[in-house]
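Participant: One structure, pasted below without further comment.
2 protein chains.
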Amino acid sequence: VHGARPLLDALQLTKLSSTVPFAAFEIYQGDYKGKTVTVVTNGKDARFNVDNVGTTPGALSAFYAIHETQPDLVINAGTAGGFKSKGAAIGDAFISTVCAHHDRRIPIPGFVPYGKGTHPSVPTKNLVELLSFKSGVVTTGNSLDHTEMDDILMAENDASVKDMEAAAVAYVAELANVPFFALKVVTDIVDGDRPTTEEFLENLGTAAKSLQDKIPKVIDFVTGRLISEL
Amino acid sequence: VHGARPLLDALQLTKLSSTVPFAAFEIYQGDYKGKTVTVVTNGKDARFNVDNVGTTPGALSAFYAIHETQPDLVINAGTAGGFKSKGAAIGDAFISTVCAHHDRRIPIPGFVPYGKGTHPSVPTKNLVELLSFKSGVVTTGNSLDHTEMDDILMAENDASVKDMEAAAVAYVAELANVPFFALKVVTDIVDGDRPTTEEFLENLGTAAKSLQDKIPKVIDFVTGRLISEL
Chain A
1 VHGARPLLDA LQLTKLSSTV PFAAFEIYQG DYKGKTVTVV TNGKDARFNV
51 DNVGTTPGAL SAFYAIHETQ PDLVINAGTA GGFKSKGAAI GDAFISTVCA
101 HHDRRIPIPG FVPYGKGTHP SVPTKNLVEL LSFKSGVVTT GNSLDHTEMD
151 DILMAENDAS VKDMEAAAVA YVAELANVPF FALKVVTDIV DGDRPTTEEF
201 LENLGTAAKS LQDKIPKVID FVTGRLISEL
Chain B
1001 VHGARPLLDA LQLTKLSSTV PFAAFEIYQG DYKGKTVTVV TNGKDARFNV
1051 DNVGTTPGAL SAFYAIHETQ PDLVINAGTA GGFKSKGAAI GDAFISTVCA
1101 HHDRRIPIPG FVPYGKGTHP SVPTKNLVEL LSFKSGVVTT GNSLDHTEMD
1151 DILMAENDAS VKDMEAAAVA YVAELANVPF FALKVVTDIV DGDRPTTEEF
1201 LENLGTAAKS LQDKIPKVID FVTGRLISEL
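Chains as they are written, first to last, in this note's numbering: chain A, 1 to 230; chain B, 1001 to 1230.
Shown next as structure tokens:
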């Protein structure tokens, strides 16, 4: 979660002390409508003084939070690029159907599908309908931009949105056998005319705010429902 | 460590039970010349039935092993591609001077150096001389192959060898403030004429064996020496 303060306040969560003090991530927890809600953020990189982004911090914080709290459901919430060819527009909220990698090319038999990952999300038909979200494949890579090779592999993944963490979090959730989905708000159009960085920076603030508004709605929806009812 | 069995036998290490049963990595420990030596492997992916490779499993197993064992030194041992322009030949053993990423392009001010990472290794002048190793920058990416963009960024990193884990392990070691270096044996020539996969598969067996031979020599060298004496 990027810029999580409003969310933490809205849910009235309390910061837990980390059992791994060297790691940057921050973990917050509280009771919300009779359920325990935990929010973990990747924190900041102490040396470079920027938010930790990408698959490594994403996997580490997911690993830590799942191990510490043994959740019934993991949601990876964040911003993403959207493909207009898949109906994405800036500000849209997407729920993942599948998360896959597009920057792990390992052309050895057996390793190609491992590299892609293709980690499933739980079905969320009712959630998507009720909140008027869109749904599709989230393709994950460690770069904000995308090369021609990335474009080919993102198309192979049949991606609706492109982010930098979801498949890594989905990987850890799958390892731990915990139901998972990603919630991504679109900041920029991947297959559009404008440079990613420019469009991303222009819309990040609005998208982050929109995410802060949507996450509590998603939590309201999932609390008290069975996974099979999502 | 790929194919670690001979090493585990040579060092007479015992498998520890994992405190995170859902994770695939395996951890072995024992006394060796009065020091505690721990070996952690990434294990196999249960769904795809291949060895876990890349930055995510590398970071997770490093995180776990460092947290569990609080080591004085972390060594990431494995195979790598070598740059002949930097004097690398197949079978060479390289010790890292620095580990950096070449597939994390985040063209936003402040995030560019974060993406590269550029994690330092401890100086190992004496080790490199005594064992007739080479030394240089290890550049890390999640793909076995390399695109033109990768080539540009690997050259910017001034890389001598290219692997798929070192910078992620170095990142976690740096977070935990534990001295670190990587030991990489060259399986293929990155800037040569032959396709990476073909050359890699041809030489993997020999390189893995060579690594099994070199790791105990490195452990012999580092045990009983101060970090400043490496």
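Cβ coordinates follow ideal geometry from the N, Cα and C atoms, glycine included.
Which residue marks the beginning of the beta strand (DSSP E) containing Gln29/A, and which one marks its end?
Facilitator: Unbroken beta strand (DSSP E) run through Gln29/A: Glu26 to Tyr32.
Participant: Out of Asp31/A, Tyr114/A and Glu198/A, point me to the one whose CA is closest to Ala247/A's CA.
Facilitator: Residue 247/A lies beyond the range of chain A shown here (1 to 230); nothing can be said about it.
Participant: Following a CB-centred definition, is Ala4/A positioned closer than 7 Å to any heavy atom of the ligand COA?
Facilitator: Absence of the ligand COA is noted for the structure shown, with no ligands found whatsoever.
Participant: Using a 10 Å radius around the Cβ and a threshold of 16 neighbouring Cβ atoms, would you call Ala249/A buried or exposed?
Facilitator: Only positions 1 to 230 of chain A appear in the structure, and residue 249/A is not among them; the question remains open.
Participant: Val20/A touches chain B at which residues, Cβ-Cβ below 7 Å?
Facilitator: His1067
Participant: Return the chain-ordered list of same chain residues with a C-beta closer than 7 Å to the C-beta of Thr1118/B, the five sequence neighbours on each side being excluded.
Facilitator: Val1098 and Ala1100
Participant: Does DSSP put Phe1081/B in a helix, in a strand, or in coil?
Facilitator: The amino acid occupying residue 1081/B in the given sequence is Gly; Phe does not appear at that position. Gly1081/B falls in the strand class under three-state DSSP.
Participant: I'd like to know if Pro113/A contacts chain B, where contact means its C-beta is closer than 8 Å to some C-beta of that chain.
Facilitator: Yes, because at least one Cβ of chain B sits closer than 8 Å to the Cβ of Pro113/A.
Participant: Strictly below 7 Å CB to CB, what residues from chain A border Val1138/B?
Facilitator: Those within 7 Å of Val1138/B in chain A number zero; the least Cβ separation is about 16 Å.
Participant: Quick one: list the residues of chain A neighbouring Gly1224/B, beta-carbon separation under 7 Å, in chain order.
Facilitator: Neighbours of Gly1224/B on chain A: none; closest Cβ ~26 Å, over 7 Å.
Participant: Please name the residue, chosen from Ala1170/B, Thr1036/B and Lys1184/B, that lies closest to Val1222/B on a Cα-to-Cα basis.
Facilitator: Ranking Ala1170/B, Thr1036/B and Lys1184/B by Cα distance to Val1222/B puts Thr1036/B first.
Participant: What are the boundary residues of the beta strand (DSSP E) that includes Leu1131/B?
Facilitator: Note, Leu1131/B: premise wrong, no beta strand (DSSP E); not H, not E.
Participant: Which residues of chain A have a Cβ atom closer than 8 Å to the Cβ of Ser1143/B, listed in chain order?
Facilitator: Asp103, Arg104, Arg105, Ile106 and Gly115
Participant: Could you please give me the residues that DSSP links to His1101/B through a beta bridge?
Facilitator: Thr1140/B
Participant: Counting only beta-carbon separations shorter than 8 Å, does Gly81/A have a partner in chain B?
Facilitator: no
Participant: Three-state secondary structure (DSSP) at Ile1066/B?
Facilitator: helix
Participant: Is the shortest distance between the beta-carbon of Gly54/A and the beta-carbons of chain B less than 8 Å?
Facilitator: Interface criterion met: the Cβ of Gly54/A is under 8 Å from a Cβ in chain B.
Participant: May I ask which residues mark the beginning and end of the alpha helix (DSSP H) holding Lys184/A?
Facilitator: Element bounds for Lys184/A: not the alpha helix (DSSP H) but the beta strand (DSSP E), Phe180 to Ile189.
Participant: Can you give me the C-alpha to C-alpha distance between Val1001/B and Arg1104/B, rounded to a whole angstrom?
Facilitator: Because the pLDDT at Val1001/B is just 45, under 50, the model does not fix this residue reliably, and the value given afterwards should be weighed accordingly. Taking the CA atoms as reference points, Val1001/B sits about 24 Å from Arg1104/B.
Participant: For a test of the three-state rule: what should DSSP assign to Thr1196/B, helix, strand or coil?
Facilitator: helix
Participant: Out of curiosity, what's the CA-to-CA distance linking Pro1107/B and Asp145/A?
Facilitator: Straight-line spacing of the CA atoms in Pro1107/B and Asp145/A works out to 7 Å.
Participant: Whose Cβ in chain B lies nearer than 9 Å to the Cβ of Asn157/A?
Facilitator: What Asn157/A touches in chain B: nothing, since even the nearest Cβ is about 15 Å away.
Participant: Please compile the residues from chain A whose C-beta is within a distance smaller than 9 Å of the C-beta of Asn1049/B.
Facilitator: Gly110 and Tyr114
Participant: Using DSSP with H/G/I as helix, E/B as strand and the rest coil, what is Ala1093/B?
Facilitator: strand
Participant: How about Thr1055/B and Glu1156/B: do their beta carbons lie closer than 8 Å?
Facilitator: No, the Cβ-Cβ distance between Thr1055/B and Glu1156/B is not below 8 Å.
Participant: Given a cut-off of 8 Å, decide if Thr1079/B and Leu1201/B are closer than it, judged by their beta-carbon atoms.
Facilitator: Against a cut-off of 8 Å, the Cβ pair of Thr1079/B and Leu1201/B comes out as no contact.
Participant: Which residues in the same chain have their Cβ closer than 7 Å to the Cβ of Thr1014/B, if we skip the five residues on either side of it in sequence?
Facilitator: Tyr1028, Gln1029 and Gly1030
Participant: Would you list the residues sitting across from Lys44/A in a DSSP beta bridge?
Facilitator: Asp51/A
Participant: Please classify Ile1227/B as buried or exposed, where buried requires at least 16 neighbouring CB atoms within 10 angstroms.
Facilitator: exposed
Participant: Cβ of Ala1089/B less than 8 Å from any chain A Cβ?
Facilitator: Not a single C-beta of chain A is nearer than 8 Å to the C-beta of Ala1089/B.
Participant: Quick check on the DSSP output: the alpha helix (DSSP H) that includes Ala1170/B runs from which residue to which?
Facilitator: Ala1166 to Leu1175
Participant: Threshold first: 4 residues or longer. Then list the alpha helix (DSSP H) segments lying entirely within the stretch 196 to 224 of chain A, N to C.
Facilitator: 196 to 222
Participant: Can you tell me whether Lys1209/B is buried or exposed, with buried defined as 16 or more other CB within 10 angstroms of its CB?
Facilitator: exposed
Participant: Judging by CA-CA distance, which residue of Leu73/A, Thr124/A and Gly91/A is the nearest neighbour of Val178/A?
Facilitator: Leu73/A
Participant: For the beta strand (DSSP E) containing Val974/B, name the first residue and the last one.
Facilitator: The requested residue 974/B does not occur in the structure, where chain B is confined to residues 1001 to 1230.
Participant: CA-CA distance, Lys1116/B and Gly224/A?
Facilitator: 43 Å
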